[in-house]
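Residue numbers (our numbering): 34 to 204.
Here a beta-carbon is modelled for each residue, glycine too, at the ideal position from N, C-alpha and C.
Report on the structure given below.
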């Protein structure tokens, strides 16, 4: 089988690779790139465990062929933090107990990031809609939704000592 040459941005770095034409993006990320934060769940696009950002939009990497990302930007969970500094969403998930087994967490975080990038102050309904493609069997979603809500509140520029001091309105 003849391989395809593709060039794309992966977590801010230009990558050039050869891929099989029938290889999924998920398989390329995990097996060829060693980025195992993107999980294999159902393989059918139903669970969201394989969610990545493709040009800043959440997509199921199990449904996309690697060859289709030629010329595009990909962000995986490994690209969310800035070096050793966690992204505010990651910090909020930890602080609010929104992680149990962690299998759904990468997809949840990237879906939430896409939402907050587009809508910095989402409603609870907008959050629930944004993460509706990501299944979680542990948390019941309430702590995940709260963590996302608190992320947008804690993103204000004030230097409040506690989250109760910073409500996002006057910051």
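{"Check": "Within the continuous beta strand (DSSP E) that includes residue 40, where are the two ends?", "Outcome": "37-43"}
{"Check": "So, helix, strand or coil for residue 30, using DSSP?", "Outcome": "Past the boundaries of the shown model lies residue 30; the chain is included only from 34 to 204, so the question cannot be answered."}
{"Check": "According to DSSP, residue 121 sits in a beta bridge with which residue or residues?", "Outcome": "DSSP output for residue 121 lists no bridge partner at all."}
{"Check": "Grouping DSSP H, G and I as helix and E and B as strand, with all else coil, what is residue 132?", "Outcome": "coil"}
{"Check": "Is it the case that the Cβ atoms of residue 182 and residue 160 are separated by a distance below 9 Å?", "Outcome": "yes"}
{"Check": "Can you find the residues in the same chain that come closer than 8 Å, C-beta to C-beta, to residue 157, ignoring five residues on each side of it along the sequence?", "Outcome": "178, 182"}
{"Check": "Please list, in chain order, all residues of the same chain as residue 167 whose beta carbon is under 8 Å from its beta carbon, the five residues on each side excluded.", "Outcome": "80, 81, 82, 84, 137, 140, 141, 144"}
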